[in-house]
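Engineer: Below is one structure. I have some questions about it.
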Amino acid sequence: MDIRYGANPQDAMHYTTEDLRDEFLIQELFQTGKLNMVYSHVDRVITGAVCPVEPVTMEAGKEIRAAYFLERREMGVINIGPAGTVTVDGVDYHLETTDGLYIGKGAKDIVFSSVDPAQPAKFYLNSCPAHMTYPTVKIERANIEPARLGSQEQGNKRSIYKYILPTGVKSCQLVMGMTVLEPGSLWNTMPTHTHERRMEVYLYFNMPADGAVFHLMGQPDETRHIVVRNEEAVISPSWSIHSGVGTAAYTFIWGMAGENQAFDDMDHVPMTELR
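Each residue of the sequence shown is one higher than the last, beginning at 27 in the numbering used here.
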């Protein structure tokens with residue numbers, strides 16, 4: 027498990043391109059036959075992915091010093107690849123492309139498998155500490171009524187699918203969802219904001235091989251950017267804006283953890299103050 031420590035915004039403003047990428051960018055998550063995880067000290071979020079050929083069992087690892095992975099944690103899973111199955115304590119949950127699963131604290135045996143090993147599923151996961159147990163729930167994207175935001179004129183027409191949220195699938199502190207940009211739209215979360223009460227992780231995907239997203243981060247008056255490729259993620263600390271623009275339309279999964287779960291609890295940044 028890769029370990030990332032929290033970054034002070036006063037330090038981050040002096041980072042080089044490589045420093046920013048080393049601290050915040052997560053690459054090579056989706057590797058066939060492997061479970062890869064990154065442990066961030068920012069709200070103790072773990073970001074991971076598994077592309078199983080043979081069934082892959084989740085283990086706690088020495089980094090969290092637990093008897094099993096979800097002894098003191100909860101987890102959200104979204105499959106961005108072909109069909110697969112997540113087995114939780116003997117119960118199978120079949121996930122088609124972009125279906126999700128919330129797994130509550132206390133689930134002991136978690137196994138990931140693909141329906142067709144020649145075309146492995148791509149399970150993306152976010153996990154954070156939990157102090158309460160909520161039921162494990164399968165989330166079918168087809169059953170989510172998206173919020174439609176933005177406009178073609180502003181280049182940010184998009185649909186927001188809320189997977190794990192207090193108004194739907196309940197969790198202890200994890201919030202998770204997916205945003206799909208319409209063809210011709212390139213911007214996400216602009217005008218931008220921060221939310222000091224929680225961090226966020228972005229996974230960008232459905233991008234062409236030669237495409238890129240310029241992920242904007244930093245304090246509103248000290249912005250920086252990271253060039254992100256397909257199926258790469260960015261850790262966004264609570265003090266940072268989190269916006270981006272791509273070379274073509276794309277999709278991203280957002281996962282949040284921290285002080286609260288209110289989706290609209292954000293501190294908007296006027297465009298006139300952004301630097």
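Heads up, the beta-carbon is just placed ideally off N, CA and C, and yes, glycines get one too. Because the structure is a prediction, the values reported are computed rather than measured.
Note the first and the last residue of the continuous beta strand (DSSP E) segment covering D28.
Structural biologist: Here residue 28 refers to the residue found at position 2 when the sequence shown is read from its first residue. D28 to R30 is the span of the beta strand (DSSP E), which, as asked, contains D28.
Engineer: If you drop the 5 nearest sequence neighbours on each side, which residues of the same chain put their C-beta closer than 7 Å to that of L46?
Structural biologist: As a first step, residue 46 must be located in the sequence shown, where it is residue number 20. Answer for L46: R250 and I252, listed in chain order.
Engineer: Could you spell out where the alpha helix (DSSP H) holding A38 opens and where it closes?
Structural biologist: What you label residue 38 is simply residue 12 of the sequence shown in a count that begins at 1. Unbroken alpha helix (DSSP H) run through A38: P35 to A38.
Engineer: Would you mind stating whether L2 and Y276 have Cβ atoms separated by less than 8 Å?
Structural biologist: Residue 2 cannot be examined here, being either before or after the span of the chain that is shown, 27 to 301.
Engineer: For A283 versus R224, is the C-beta distance shorter than 8 Å?
Structural biologist: The residue you call residue 283 lines up with position 257 of the sequence shown. The residue you call residue 224 lines up with position 198 of the sequence shown. Yes, they are a contact pair.
Engineer: Extract the residue ranges of the alpha helix (DSSP H) inside the stretch 95 to 148, only unbroken runs of 4 or more that lie entirely within it.
Structural biologist: Runs found: none.
Engineer: For the alpha helix (DSSP H) containing E226, list its first residue and its last residue.
Structural biologist: If you number the sequence shown from 1, residue 226 lands on position 200. Run containing E226: none in the alpha helix (DSSP H); it sits in the beta strand (DSSP E), R224 to F231.
Engineer: Under three-state DSSP, which class holds T8?
Structural biologist: No statement about residue 8 is possible, as the shown extent of the chain runs from 27 to 301 and does not include it.
Engineer: Does the structure place the stretch 253 to 270 close enough to the stretch 211 to 222 that three or more beta carbon pairs sit under 8 Å?
Structural biologist: Touching, yes.
Engineer: Look at the Cβ atom of I170, then the Cβ atom of K188, and state whether they are nearer than 8 Å.
Structural biologist: To locate residue 170, count along the sequence shown from 1; it is residue 144. To locate residue 188, count along the sequence shown from 1; it is residue 162. Yes; because the gap between Cβ atoms is below 8 Å, this pair is in contact.
Engineer: Would you call the stretch 53 to 62 and the stretch 70 to 78 touching, i.e. three or more CB-CB distances under 8 Å?
Structural biologist: The stretch 53 to 62, when compared against the stretch 70 to 78, does touch it at the 8 Å Cβ threshold.
Engineer: Between I186 and the rest of its own chain, which residues show a CB-CB distance below 7 Å, the 5 nearest in sequence each way excluded?
Structural biologist: For this step, residue 186 is matched to residue 160 along the sequence shown. Excluding positions up to five away in sequence, the list reads P172, A173, L175, G203 and T205.
Engineer: Please name the residue, chosen from M63, G126 and M243, that lies closest to A168 on a Cα-to-Cα basis.
Structural biologist: On the sequence shown, residue 168 is found 142 positions in, with the first residue counted as 1. Comparing Cα-Cα distances from A168 to each of M63, G126 and M243, the minimum goes to G126.
Engineer: Taking only three categories from DSSP, how would you classify T215?
Structural biologist: In the sequence shown, residue 215 corresponds to position 189, counting from 1. Coil.
Engineer: Determine the DSSP secondary structure at T43, reduced to helix, strand or coil.
Structural biologist: Here residue 43 refers to the residue found at position 17 of the sequence shown. T43 falls in the helix class under three-state DSSP.
Engineer: Quick check on M297: does DSSP put it in helix, strand or coil?
Structural biologist: The sequence position of residue 297 within the sequence shown is 271, counting from 1. Of the three classes helix, strand and coil, the one that applies to M297 here is helix, per DSSP.
Engineer: What number of angstroms, rounded off, separates the C-alpha of P81 from the C-alpha of K88?
Structural biologist: Residue numbering aside, residue 81 sits at position 55 when the sequence shown is read from its first letter. Residue numbering aside, residue 88 sits at position 62 when the sequence shown is read from its first letter. If you take the alpha carbons of P81 and K88, they lie about 21 Å apart.
Engineer: Take T162 as the anchor and find which of R184, Q178, S139 and V112 has the nearest alpha-carbon.
Structural biologist: Your numbering for residue 162 matches position 136 in the sequence shown. For the residues R184, Q178, S139 and V112, the minimum Cα distance to T162 belongs to V112.
Engineer: Whose C-beta lies closer than 7 Å to the C-beta of V68 among residues of the same chain, with five residues either side of it excluded?
Structural biologist: Numbered from 1 along the sequence shown, position 42 holds the residue referred to as residue 68. Answer for V68: G32, M225, I261 and P263, listed in chain order.
Engineer: Give me the residue from N152, A147 and A144 with the minimum Cα distance to G18.
Structural biologist: Since the first and last residues shown for the chain are 27 and 301, residue 18 lies out of range.
Engineer: Classify N169 as helix, strand or coil using the three-state DSSP reduction.
Structural biologist: Within the sequence shown, numbered from 1, the residue matching residue 169 stands at position 143. Helix.
Engineer: Could you tell me if M243 is buried or exposed, where buried requires 16 or more neighbouring beta carbons within 10 angstroms of its beta carbon?
Structural biologist: Along the sequence shown, one-based indexing puts residue 243 at 217. The residue in question, M243, is buried, as its Cβ has 16 or more Cβ neighbours within 10 Å.
Engineer: If I follow the unbroken beta strand (DSSP E) through Y65, where does it start and stop?
Structural biologist: In the sequence shown, counting from the first residue as 1, residue 65 sits at position 39. Where Y65 is concerned, the enclosing beta strand (DSSP E) stretches over L61 to S66.
Engineer: Following the continuous beta strand (DSSP E) through G237, name the residue where it begins and the one where it ends.
Structural biologist: Taking the first residue of the sequence shown as 1, we reach residue 237 at position 211. Neither: G237 is in no beta strand (DSSP E) and is coded neither H nor E.
Engineer: S140: which of H40, T83 and P155 sits nearest, CA to CA?
Structural biologist: On the sequence shown, position 114 is the one that residue 140 refers to. Checked all of H40, T83 and P155; the closest Cα to S140 is T83.
Engineer: Ignore the nearest five residues each way along the sequence and tell me which others in E166's own chain have a CB closer than 7 Å to its CB.
Structural biologist: Numbered from its first residue, the sequence shown carries residue 166 at position 140. The answer, listed in chain order, is D125.
Engineer: Just to confirm my understanding: we take D118, look at its own chain, exclude 5 residues before and 5 after, and list those with CB closer than 6 Å. What are they?
Structural biologist: For the purposes of this step, residue 118 is taken as residue 92 along the sequence shown, with counting starting at 1. For D118, where only same-chain residues beyond five positions count, the Cβ hits under 6 Å are T111.
Engineer: Excluding the 5 residues preceding and the 5 following H157 in the sequence, name in chain order all residues of the same chain whose CB lies nearer than 7 Å to its CB.
Structural biologist: Locating residue 157 in the sequence shown gives position 131, counting from the first residue. Taken in chain order, the residues that qualify are C198.
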